[in-house]
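Structure first, then comments.
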Amino acid sequence: MALSAVSSASAPDNPSVSREATPRPVLFDNHDRPLEYLRLAVTDRCNLRCFYCMPEEGIKYLPKQELLTYEEMLRLTGLLAGLGVRKVRLTGGEPFVRRDLVPFMARLSELPGIEELSLTTNGVLTAPHVPELARLGVRTVNLSLDTLDRARFAAITRRDELPRVLDTLYALLEAGIRVKINAVVMDGQNIEDLLPLAELTRELPVEVRFIEEMPFNGGSHEATPATLPWNHHRIREHLALNLGELLPVPSHPGDTASHYTVAGHQGRLGIIAAYSRTFCGTCNRLRLTAEGGLKTCLYDQGVLDLRAMLRTGASDDDLIAALSHAFRHRAANGFEAESQRPLHQLNFESMSTIGG
Ligand code: SAM
Ligand code: SF4
C-alpha cells in the first residue's frame with residue numbers, strides 16, 4: 001500500500017499553502033496551524049443508541065442519496081491530501097454499518113500523500129474485519145467503550161452488545177493493532193466504571209482515554225451545563241486518588257488527549273478536555289460530515305456544503321479554492337466557533353452525524 005508515499009502534488013496558487021522546509025505542500029490556517037488530519041464520517045447510521053450521542057429512537061437518518069458516495073469522498077480526500085492532509089480517520093455513525101467499508105479503505109490508503117488511515121468504531125461489527133484492517137496497514141483503532149459492566153453497557157448504549165465489543169478489543173490486540181479505548185465520562189451514569197476501565201492498562205498495552213461529555217446528543221437530554229460535573233481536572237484527580245501518581249507524558253502538537261502513565265502499568269491513560277476545549281491552539285483537523293458538510297471546528301455548524309459543490313459540477317480548482325478559503329478562515333478555538341453558530345443549542349446536533 002502507498003500509505004508512506006509522500007505526494008509531490010503542487011500547491012494551488014495561494015501564498016499560505018507552501019512552506020519551503022516542508023517536503024510537500026501544507027496549508028496553514030489564519031492562526032498558523034497546519035492542515036494534517038481529516039475525520040471522515042462515512043455514515044450517520046448506527047447500530048447502538050448511546051445515551052450521550054442520540055435519543056432512544058435514534059436520529060432522523062439522511063436519505064441514502066444525501067450521503068456522500070465513496071467516489072465523492074475519495075475525490076475530496078485526494079484534494080485534501082494535496083493540501084497537506086496525511087492522516088484520515090473514518091468515523092460516523094458506525095463505520096461498519098456502511099456496506100463495502102473495507103474496499104473503500106483500501107482505495108483511500110492508496111491515495112498519494114495519505115500516510116495514516118485509522119477508524120473509530122463501537123466494535124459491535126468490527127471483529128470479523130480485524131485481519132483485513134491489519135492487512136491494510138491500519139496501525140491504530142479507537143474503540144468506544146464506556147463500561148465493562150454488561151448491564152450498564154446495555155443501559156448506556158440501549159443495546160446488549162458488550163461481548164461483541166470485547167471480542168473486537170481482543171482481536172485487535174492479537175492482530176498487533178494499537179487500541180485506544182474512548183470512554184465518555186457521564187455524571188450519574190458510569191463514574192463507577194472509570195477505575196475498572198483504567199485498570200485495563202495494568203495488564204494490557206492499551207490507551208484508555210476519558211472524554212468530557214459534550215452536549216452533542218441529538219436532543220437525547222438537556223445540554224450539559226457549562227459547569228460540567230466531570231471536567232478534565234476532576235477526572236484526573238479521581239484517577240490519581242485511586243491509582244497513584246499519574247506521570248504526564250509530553251504531548252505532540254495536534255493531540256487532543258493529555259497522556260499519563262502509572263507505575264507498573266503496561267498501557268497509558270488519556271484525558272480529553274473535549275468540552276473545556278484546552279487543545280484548540282494546535283488543532284490540525286477538518287471534519288467532513290456524512291452529508292458532505294465541512295467543519296473547520298467541532299463546535300461550528302458547518303462552514304461549506306461540499307456535497308452541493310460536488311453535485312453541481314465544481315471543478316477540482318473550485319473545490320481546492322473553497323477548501324483553502326474555509327481552512328484559512330477558521331475560528332481560533334471552539335468557544336469562538338460556538339459563538340458564531342446561529343441560535344440553536346449544541347444538543348440539536350448528534351455526534352453520529354458529526355463523527356466525534
Ligand atoms: N460509532 C463510532 C463509535 O462510537 O466509536 C464512531 C462515531 S462516535 C460519534 C465517535 C466518538 O464520539 C465515540 O468515541 C463517542 O464516544 C464520542 N462521542 C459521541 N457523543 C459524544 C458526546 N456527547 N460527548 C463526548 N464524546 C462523544
Ligand atoms: Fe453510535 Fe458511536 Fe453514537 Fe454510540 S457514539 S450511538 S456507537 S455513533
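First residue of the sequence shown: 1, per full-length UniProt numbering; consecutive thereafter.
In this text, a Cβ means the ideal position worked out from N, Cα and C, and glycines have one as well.
Between G292 and L68 a beta carbon distance of about 5 Å is seen, short of the 8 Å cut, so the two are scored as contacting. DSSP places V179 in no alpha helix (DSSP H) but in the uninterrupted beta strand (DSSP E) bounded by R178 to V185.
The segment 268-285 and the segment 231-246 touch, with three or more beta-carbon pairs separated by less than 8 Å.
By the Cβ-count criterion, N30 is exposed, with fewer than 16 other Cβ atoms from all chains shown falling within 10 Å of its own Cβ.
Residues G93, E94 and S352 of the same chain have their beta carbon placed closer than 6 Å to that of C46, with the five preceding and five following residues left out of the count.
Listed in chain order, the alpha helix (DSSP H) runs fully inside the segment 26-105 are 70-82, counting runs of at least 4 residues.
Unbroken alpha helix (DSSP H) runs of no fewer than 4 residues, entirely contained in the segment 107-141, are found at 130-136, following chain order. Contact check between the segment 130-147 and the segment 65-85: fewer than three CB pairs, one atom from each, fall below 8 Å, which does not count as touching. Under the Cβ criterion (8 Å, minimum of three pairs), the segment 191-210 counts as touching the segment 234-248.
When the beta-carbon positions are compared, V141 and T121 come within less than 8 Å of each other. Within the model, the alpha-carbon separation for V26 versus K87 is close to 13 Å. Rounded to whole angstroms, the separation of the alpha carbons of F96 and R39 is 15 Å. The segment 277-290 makes contact with the segment 247-262; the number of CB pairs closer than 8 Å reaches 3 or more. In this structure P103 is exposed. Its beta-carbon is surrounded by fewer than 16 other beta-carbon atoms within 10 angstroms.
Selection G84, G188, L74 and E56 evaluated against L35 yields G84 as nearest (Cα-Cα). L247 counts as exposed, since fewer than 16 other beta carbons sit within 10 angstroms of its beta carbon. With respect to the 8 Å criterion, S220 and F51 are classified as neighbours on the basis of their beta carbons.
A straight-line Cα-Cα distance of about 14 Å links E237 and V185. Proximity of the beta carbon of F216 to the ligand SAM is indicated: a heavy atom of the ligand is located closer than 7 Å. For S258, the enclosing beta strand (DSSP E) stretches over residues A257 to T261. Three or more beta-carbon pairs drawn from the segment 57-74 and the segment 294-312 are found closer than 8 Å, and the two stretches are therefore classed as touching. According to DSSP, N217 shares a beta bridge with S350. Three or more pairs of CB atoms, one per stretch, sit closer than 8 Å, so the segment 295-307 contacts the segment 331-343.
Beyond the five residues adjoining it in sequence on each side, A326 comes within less than 7 Å, by CB distance, of L294, T296, V303 and L304 in the same chain, given in chain order.
A distance below 8 Å between beta-carbons, with the five flanking residues on each side excluded, links L173 to the following residues of its chain, in chain order: V179, L204, P205 and V206. If you draw a straight line from the Cα of R33 to the Cα of R99, it is about 35 Å long. Note that the C-beta distance between I156 and N182 is not below 8 Å. Short of 6 Å from the beta carbon of S258, and not among the five residues preceding or following it, lie these beta carbons of its own chain, in chain order: I271.
Using a Cβ distance threshold of 8 Å, F153 and N347 do not count as a contacting pair.
Between R159 and R49, the CB-CB gap stays under 8 Å. As a beta-bridge residue in DSSP terms, S144 pairs with N182. According to the DSSP assignment, F153 belongs to the alpha helix (DSSP H) that extends over R150 to T157.
P248 carries a strand assignment under DSSP once its states are collapsed to helix, strand and coil. For G219, the shortest separation between its Cβ and any heavy atom of the ligand SF4 does not lie below 7 Å. Where G334 is concerned, the enclosing alpha helix (DSSP H) starts and stops at G334 to S339.
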